[in-house]
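*Asks:*
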Amino acid sequence: MALVVQKYGGTSVGSLDRIRMVAERVAETYREGHQVIVVVSAMAGETDRLLSMGWELCNAPAEREMDVLVSSGEQVSAALLAIQLNEIGVPARSMLGHQARIVTDSVHTKARIRTIDGTGLRSTLENGHVLVVAGFQGTDAYGNITTLGRGGSDTSAVAVAAAVKADLCEICTDVDGVYTTDPSVCPNARKIDRISYEEMLELSSLGAKVLQIRSVELAMKLGIPLHVRSSFSSSEGTIVTDEEHLLERVVVAGVAADKKTVKLTVRALPDHPGVVASVFEPLAEANISVDMIIQNVSKEGHTDLTFTVSREEADRAEAIATRIVDSVDAEGVTRDDEVAKVSIVGVGMRNHAGIAARMFRLLADADINIEAISTSEIKTSCLIEAEHADRAVVVLHDGFQLGKPSD
Ligand code: ASP
Ligand code: MG
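For what it's worth, my numbering labels the leading residue of the sequence shown as 112, then goes sequentially.
#1: Looking at the strands, I want to know which residues DSSP matches up with Q195.
#2: Could you give the DSSP three-state label for P472: helix, strand or coil?
#3: CB of A153 to nearest heavy atom of the ligand ASP: below 7 Å?
#4: Do D287 and S205 count as a contact pair if the criterion is CB distance below 8 Å?
#5: Please report the distance separating the alpha-carbon of I495 from that of T352.
#6: Assuming I404 and F418 are in contact, meaning their beta carbons sit under 8 Å apart, how far apart are those beta carbons, in whole angstroms?
#7: Comparing the CB of G262 with every heavy atom of the ligand ASP, is any distance shorter than 7 Å?
#8: Does the beta-carbon of D265, which I'm using as the reference point, lie nearer than 7 Å to any heavy atom of the ligand ASP?
#9: Would DSSP call T292 helix, strand or coil?
#10: Please go through the stretch 156-212 and give each complete alpha helix (DSSP H) segment of 4 or more residues, from N-terminal end onward.
#11: Between the Cα of S409 and the Cα atoms of H356, E237, D382 and V401, which residue gives the shortest distance?
#12: Quick check: does the Cβ of G125 come within less than 7 Å of any heavy atom belonging to the ligand ASP?
#13: What's the gap between the Cα of R223 and the Cα of T266?
#14: With C-beta atoms as the reference, is T349 less than 8 Å away from H508?
#15: One question on the structure: do A425 and V361 come within less than 8 Å of each other, judged by their Cβ atoms?
#16: When every heavy atom of the ligand ASP is checked, does at least one fall within less than 7 Å of the C-beta of F418?
#17: With distances taken between CB atoms, is the gap from A134 to L232 smaller than 8 Å?
#18: Is the beta carbon of L114 sitting closer than 8 Å to the one on A270?
Rendered as C-alpha cells:
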C-alpha cells in the first residue's frame with residue numbers, strides 16, 4: 112500500500128463530466144488499496160472569472176478580499192469531487208486550506224507555505240477516506256485566507272506530499288508530460304521521460320507552463336519526485352527528480368522561448384564607477400527582476416546599457432529608468448517590445464564545450480540575429496527579434512536533434 116498524492120489541474124476538473132472521469136481515476140487508485148490525497152485546482156477559467164469580477168468593481172481591490180474571492184474556486188471543485196467520489200462508493204472528504212492546516216505567510220495573492228501539520232490529514236486517511244484538498248489556498252497565522260500565486264495548486268500538492276511523507280506525487284494535467292519544446296510550435300517535440308529539478312526550473316521560468324516554478328523549487332528542496340502525467344490516459348508521463356536519478360545526462364534537454372520579455376536601453380551613460388549601480392539599485396528597490404544585461408564598449412566616455420525585464424514589469428522599469436536618466440546624465444531610454452528570448456537547457460552542458468557556439472551557428476545559418484546572450488551552467492539564452500522566435504525554436508530543436516526520429 113502506498114500513499115499517493117494526485118493533483119488535478121483546472122482543465123481536468125473543468126466540467127461535471129471531467130469531474131466524473133477524475134473520480135473514476137481516483138477510485139481506481141483507491142481500490143488498488145492505496146491511500147489517496149487529491150489536490151484540486153479550480154474549474155478551468157474560474158479563477159480568471161473571479162478575478163475579473165473583483166477588478167470590475169475596483170482598480171485596486173484589497174488583496175485580502177481577492178484571496179477570499181479566488182479561493183472559492185478550489186472550494187467548489189474540491190466539494191464536487193468529494194460528492195462524486197461518495198456517489199461512486201468511495202468515502203471521501205473535502206478539506207479547505209485552513210482545515211488541512213496549511214499555514215502561509217501573510218503575503219496575499221502570492222503567499223508562501225510555512226508549515227503543514229500533516230497529522231489531521233493522516234488521521235482522516237487512516238479512517239479509510241480519500242481526502243480532497245483545495246489547492247492554491249492556505250491561511251496565515253492570523254487566520255486570514257491566502258493564495259499561493261497563479262498555478263499554486265501544484266505547490267499545494269508538493270507541500271501536502273511532503274507533510275504526509277507520500278510515496279508518490281502525481282501532477283495530473285491536460286498534457287501527457289514535459290516536452291522537449293512546445294509541441295504547438297514544433298510538432299515533432301518529444302515527451303521527456305526524466306528531467307532534473309534544475310532543468311525543469313529553467314524550463315518553467317522560460318515559459319514552459321506545465322508546473323508552477325515554486326512547486327519545482329519546493330520539490331527540489333524537499334526531495335519529492337514529481338510525476339507529471341495526463342489526467343486522461345494511463346500512459347507514463349515525465350518524472351522530475353534529482354540529477355542522480357537521471358538515466359543519462361543529455362547535453363540539451365529542451366528548448367524554450369520566452370516572448371514576454373522587453374528590452375530597455377539607457378543610452379549614452381557616462382562610463383564611470385557607480386553609474387551602473389545607480390541604474391539597477393532603484394530597479395531592485397522596486398522589486399523588478401532584471402534578466403539579461405549588456406553594457407557596450409564605451410565610446411568617448413559614454414556607453415549604452417541594455418537590459419531585459421518581463422512584460423508585466425516593463426512599464427514600471429521604463430518609468431524608473433527614465434526617471435534616473437537626468438540624475439546620471441544619460442541621453443535617454445529606448446524600449447523594444449518586439450524581442451524574445453530563446454534558450455537551450457540541459458545538465459550535460461556542464462561538461463560539454465562548444466554547445467553555445469553550436470547554438471549561435473544554428474541561429475546564424477537561419478539568418479537570425481542575436482541581440483544579447485546570457486548563460487548559466489545549464490542554460491544558454493539568446494535575445495532575438497520576436498518575429499523569429501518560433502522559427503528559432505524549430506531550428507534549435509532540429510539542430511540539437513531533440514525531436515522524434517522521423518519515420
Ligand atoms: N486556480 C489557480 C489558478 O488558476 C491555481 C491553480 O490552478 O493551480 O491559477
Ligand atoms: Mg497549472
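Positions of the beta carbon are idealized from the N, C-alpha and C atoms, including for glycine. Here the structure is a predicted model, which means the values were calculated and not measured.
*Replies:* So, from the listed chains and residues:
#1: When beta bridges are read from the DSSP output, Q195 appears opposite no residue.
#2: Note that residue 472 corresponds to Arg in the displayed sequence, not to Pro. Shown here, R472 sits in a helix according to DSSP, grouped into three states.
#3: Yes.
#4: no
#5: The C-alpha of I495 lies about 32 Å from the C-alpha of T352.
#6: 5 Å
#7: yes
#8: yes
#9: coil
#10: Segments of the alpha helix (DSSP H) lying fully in the stretch 156-212: 157-168 and 174-198.
#11: D382
#12: no
#13: 9 Å
#14: no
#15: no
#16: no
#17: No. Outside cutoff.
#18: no
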